[in-house]
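Below: one structure, written as structure tokens.
Protein chains in written order, with my numbering: chain A, 52 to 338; chain B, 52 to 338.
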């Protein structure tokens, strides 16, 4: 595995692959790998001739007062894990490499960035879209692999790729969970043992809503009421939002007819966690 | 020469060129070609194995009340001229091709888009940057050729290319002028014979400022005073702005030490015209 930090070297490497007719899969990350990241890498590895993993804690997507400074980092461990997962390149540029002093260009994906996490974290998805577009230009992947745990991010990137005519496919892969259901996240290390237990309310409420929907309850308001009740019932948890939305537009859904996503964010202690799950309307059973 | 209108076909063609190791020069235009456009094409033709010219009157870069509807168009004539200039592809997508119904992604180059034409035409450079980035993704050029007549646009595109790590070179080519000095522009057809004469105040005042600067006058305020006087002296002309700016940052310059650009916009009747020229400080003659 090669380690590259210069954007120029990364682009050169990518050009060489393209010229040789080799396909490239790309997993952009902020590091501190957990099995969710590793599954993205394994998928990328299986799909393409070459696998690039980027490791960059992107200052542009953190707001003032957010956890940019203390975001967990362990580059040596990440290096070993990426190598183990079969990455050909680990690309870890510095903030100065990606944002030199005159940097002033931003990408905004308007509608799908606005609500949900976009409402609580102004500028977050602008920072995500901008860095991901830069990375796409440097890595020139055929496939870019994202975890569906960050569902709104996945929708934002898909929209950007389509709207800007980028010649690559965005692949979303299922959330990887702990045995008790907690969605894997680098931020889980922030949780105390008590908070860790409270955090289970997120995945448990999602699971309950999926089952209730499967049993015939198609009214979003009814399903959400239960999610709110379960999360508000946890002493250490404070719900930021819970919504049932269209999987593409992220517009609110009143009645689940076909497919919808239940998407939520909550503070557990000082840690903000997100989770989501698909709800499927059963066409045999009219809503 | 091939005519392509589908973005997908354009990208396919570009992929084929890249795979075959051929270089591509690209001249993005809004059509209604004049010798300025043709010189950009000839330059591109001389530089690369293949030349792509795009023809797209981009609704996104026109504000409400601007001349999008009546912008001059003559596709058959343009076709013949592009063929004559040696273009391999004329790419002319429809607005619906480039902006389908869910389109919502925009690129903003912040600082250099703000003043000058950006102040008079809010959203203009956001529209320019967005469409040019889309076209770059479709055409995948090695060189993108722009006329320096649209100097702020050239700076915006250069900044975008650097900031977003695009793997191409932006080339700016000198303004082509009528024998009497008027900068060539598709919008010159709007001018009545009287307006056509008044419009000469733009290039004449630029020329006078260049000469005065060459003779030792390095104070921007003094040079600009003369430009304002000349243009205000024309009954049919109304100055929008005249500024002397740094060629890269477009920040105002008080004293011309090295290189600076005198950049201006004026209404002549109902037509908005722009022009600019480099001013060079003479290092042998201290300011």
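For each residue, glycine too, the CB sits at the ideal point set by N, CA and C.
Asked	Found
Closest residue to residue 231 of chain B among B:257, B:127, B:211 and B:62 (Cα-Cα distance)	B:257
Own chain residues within Cβ distance below 8 Å of residue 206 of chain B, not counting five before or after	163, 298, 299 and 301
Three or more C-beta pairs below 8 Å linking the segment 178 to 190 of chain A and the segment 90 to 99 of chain A	no
is_contact[residue 310 of chain A, chain B] using C-beta, thresh 8 Å	no
Beta-bridge pairing of residue 293 of chain B - partner residues as DSSP gives them	B:315
Coarse secondary structure for residue 135 of chain A, derived from DSSP in three states	helix
Sufficient close CB pairs (3 or more, under 8 Å) joining the segment 76 to 84 of chain B to the segment 96 to 106 of chain B	yes
At least three beta-carbon pairs within less than 8 Å, the segment 312 to 326 of chain A to the segment 290 to 297 of chain A	yes
Contact set for residue 328 of chain B: own chain, Cβ-Cβ below 6 Å, skip 5 residues either direction	257, 261 and 313
CB contact check: residue 88 of chain A to chain B, cutoff 8 Å	no
Residue 190 of chain B and residue 154 of chain B closer than 8 Å at C-beta	no
Residues bridged to residue 53 of chain A [DSSP beta-bridge criterion]	A:140
At least three beta-carbon pairs within less than 8 Å, the segment 192 to 202 of chain B to the segment 285 to 295 of chain B	no
Proximity of residue 322 of chain B and residue 253 of chain B at Cβ, strictly below 8 Å	no
N- and C-terminal bounds of the beta strand (DSSP E) containing residue 339 of chain A	The structure shown does not extend to residue 339 of chain A, since chain A is modelled only from 52 through 338, so no value can be given for it.
Residues from the segment 153 to 165 of chain A in contact with chain B, defined by Cβ distance under 9 Å	153, 154, 155, 156, 157, 158, 159, 160, 161, 162, 163 and 164
CB-CB length for residue 319 of chain B against residue 246 of chain B, believed under 8 Å	5 Å
Residue 76 of chain A: first and last residue of the uninterrupted alpha helix (DSSP H) it sits in	Taken as a continuous stretch (DSSP letters only), residue 76 of chain A belongs to no alpha helix (DSSP H), being part of the beta strand (DSSP E) at 75 to 80.
Beta-carbon gap between residue 188 of chain A and residue 215 of chain B smaller than 8 Å	yes
As assigned by DSSP and simplified to three states, the class of residue 282 of chain B	helix
Residue-chain proximity (residue 109 of chain B, chain A), Cβ-Cβ < 8 Å	no
CB contact check: residue 185 of chain A to chain B, cutoff 8 Å	yes
Neighbourhood of residue 173 of chain A by C-beta, 8 Å cutoff - its chain only, sequence neighbours within 5 removed	114
Sequence ranges, beta strand (DSSP E) only - wholly within the segment 219 to 259 of chain B, length at least 3	220 to 224
Of the residues B:125, B:270, B:218 and B:60, the one placed nearest residue 63 of chain A, counting alpha carbons only	B:218
8 Å CB neighbourhood of residue 235 of chain B in its chain, flanking five on each side removed	85, 86, 87, 200, 226, 227, 228 and 229
Any C-beta of chain B under 8 Å from that of residue 303 of chain A	no
Closer than 8 Å to chain A by CB, residue 188 of chain B	yes
Under 8 Å between C-beta atoms of residue 277 of chain B and residue 259 of chain B	yes
Residues of the segment 207 to 222 of chain B whose Cβ lies closer than 7 Å to any Cβ of chain A, in chain order	210, 211, 214, 215, 216, 217 and 218
Interface residues of the segment 65 to 77 of chain A facing chain B [CB-CB below 9 Å]	65, 66, 69, 70 and 72
Proximity test, Cβ basis, 8 Å: residue 112 of chain A and chain B	no
Residue 147 of chain A versus residue 116 of chain A: straight-line alpha-carbon distance, rounded	21 Å
DSSP three-state assignment for residue 270 of chain B, whether helix, strand or coil	strand
Classification of residue 331 of chain A by the beta-carbon crowding that lies within 10 angstroms, buried from 16 upward	exposed
C-beta neighbour in chain B for residue 58 of chain A, strict 8 Å	yes
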